[in-house]
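Novice: In this note's numbering, the protein residues as written are 194 to 478.
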């Protein structure tokens, strides 16, 4: 970490205003998780209704996204324009519930959760900002997520705070989830390298980054080095292709949501089962 970062960290938030906002946000996160206990009880995901997404009578956002977009704003800014995305989610509520199941699945990597088929619901695609915040909120206690939802922002911060930020070989060929997982690991590593920031709560650290190094509106491509050995992601790739197959069959109503979950769980636990299922299910296309 650059010496300049250490100096700024020493004088950051002298009145404790930012820490107070973050602490309030964490209290609201507890309330959100209590109302939507999807991590502790995955069966409760089935109880999510259209009213949780968008109020039918008033047209106002339901409690789920009222928390995500507004109440939990101190834990990461997210701007959703209009109500189109909410209406799209309601139309594909079963698909959204399946995405939530993937989000709270402890056997899935961060990359797999990001690369889940969020883009199948219109306005949830692109850089997966909405998905990333949902994933952050339901995986907070793992200490493996960060409240920075723009991929370019993380790249920008790493270039700013590290003496020599290097990127893996074939970085640009990685999926969005693979990039985001790598960048998240690098941010967490950088935070731990400083005696000052090591003990900071992750949201507080990210607020420090945004306030101390505001990202420009247009971010140029970082100068990427190629000295880090590329991590073998073949298994992740195979799992992603397997999920793409399952999701395609689900959209075609050739398998049920329950069958999708059963096939997914079996295929993710056993590589040989995944191969067998892939051969079997491909014939249904």
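Glycine is no exception: its CB is placed at the ideal position from the N, C-alpha and C atoms.
Please read all numbers here as calculations on a predicted model, not as lab measurements.
How should residue 446 be labelled, buried or exposed, when 16 other C-beta atoms within 10 angstroms of its C-beta is the threshold for buried?
Specialist: exposed
Novice: Could you please give me the residues that DSSP links to residue 351 through a beta bridge?
Specialist: Its beta-bridge partners do not exist; DSSP assigns none.
Novice: What are the start and end residues of each continuous alpha helix (DSSP H) run of 4 or more residues lying completely inside the region 292-338, in chain order?
Specialist: 303-307 and 322-332
Novice: Could you tell me the distance, in whole angstroms, from the CA atom of residue 209 to the CA atom of residue 246?
Specialist: Cα to Cα, the separation comes out at about 34 angstroms.
Novice: Would DSSP call residue 194 helix, strand or coil?
Specialist: In this structure, residue 194 counts as coil in the three-state DSSP scheme.
Novice: Is it buried or exposed, residue 288, if we count other Cβ atoms within 10 angstroms and call 16 or more buried?
Specialist: buried
Novice: Indicate the three-state DSSP secondary structure (helix, strand or coil) for residue 247 in the structure shown.
Specialist: strand
Novice: Measure from the alpha carbon of residue 273 to the alpha carbon of each residue in 329, 282 and 262, then state which is nearest.
Specialist: 262
Novice: Looking at the secondary structure, which residues open and close the alpha helix (DSSP H) in which residue 405 lies?
Specialist: 395-405
Novice: Given that a residue counts as buried once 16 or more other Cβ atoms are within 10 Å of its Cβ, and exposed if not, what is residue 468?
Specialist: exposed
Novice: How far does the alpha helix (DSSP H) with residue 282 in it extend, from its first residue to its last?
Specialist: Unbroken alpha helix (DSSP H) run through residue 282: 277-284.
Novice: Cutting at 8 angstroms between CB atoms, please list the residues of its own chain near residue 265, excluding the five before and the five after it.
Specialist: Excluding sequence positions up to five before and after residue 265, its CB lies within less than 8 angstroms of the CB of 218, 221, 222, 225, 326 and 330, all in the same chain and listed in chain order.
Novice: What does DSSP give as the partner residue(s) for residue 254 in the beta ladder?
Specialist: 247
Novice: Would you be able to state if there are at least three C-beta pairs under 8 angstroms between the region 359-375 and the region 230-238?
Specialist: For the pair of segments examined, the region 230-238 was found not to touch the region 359-375: the number of CB pairs separated by less than 8 angstroms stays below three.
Novice: Report the residue from 385, 474, 283 and 322 whose alpha carbon sits nearest the alpha carbon of residue 269.
Specialist: Closest option to residue 269, Cα to Cα, is 322.
Novice: Between the C-alpha atoms of residue 202 and residue 390, what's the straight-line distance to the nearest angstrom?
Specialist: 7 angstroms
Novice: Which residues in the same chain as residue 267 place their Cβ atom closer than 7 angstroms to its Cβ, once the five residues preceding and following it in sequence are excluded?
Specialist: 214, 215, 217 and 218
Novice: State the Cα-Cα distance for the pair residue 334 and residue 328, rounded to the nearest angstrom.
Specialist: 11 angstroms
Novice: Name the residue from 340, 332 and 360 whose alpha carbon lies nearest to the alpha carbon of residue 395.
Specialist: 340
Novice: If you draw a straight line from the alpha carbon of residue 453 to that of residue 356, how long is it in whole angstroms?
Specialist: The alpha-carbon atoms of residue 453 and residue 356 are separated by roughly 46 angstroms.
Novice: Quick one: is residue 385 buried, meaning 16 or more other Cβ sit within 10 Å of its Cβ, or exposed?
Specialist: exposed
Novice: Given a cut-off of 8 angstroms, decide if residue 449 and residue 199 are closer than it, judged by their beta-carbon atoms.
Specialist: no
Novice: Pop quiz: residue 252 and residue 303 are said to be a contact at Cβ under 8 angstroms. What is the actual Cβ separation, rounded to whole angstroms?
Specialist: That belief does not hold up - the Cβ atoms of residue 252 and residue 303 are roughly 34 angstroms apart, past 8 angstroms.
Novice: Tell me which residue opens and which closes the alpha helix (DSSP H) that residue 519 is part of.
Specialist: Within the shown structure, residues of the chain are numbered from 194 to 478, placing residue 519 beyond reach of any answer.
Novice: Who are the near neighbours of residue 315 in its chain, counting only those whose CB is closer than 7 angstroms to its CB and skipping five residues on each side?
Specialist: 281
Novice: Check each candidate in 343, 336, 353 and 279 and name the one with the smallest Cα separation from residue 197.
Specialist: 353
Novice: Name the residue from 381, 212, 231 and 324 whose alpha carbon lies nearest to the alpha carbon of residue 338.
Specialist: Nearest C-alpha to residue 338: 381.
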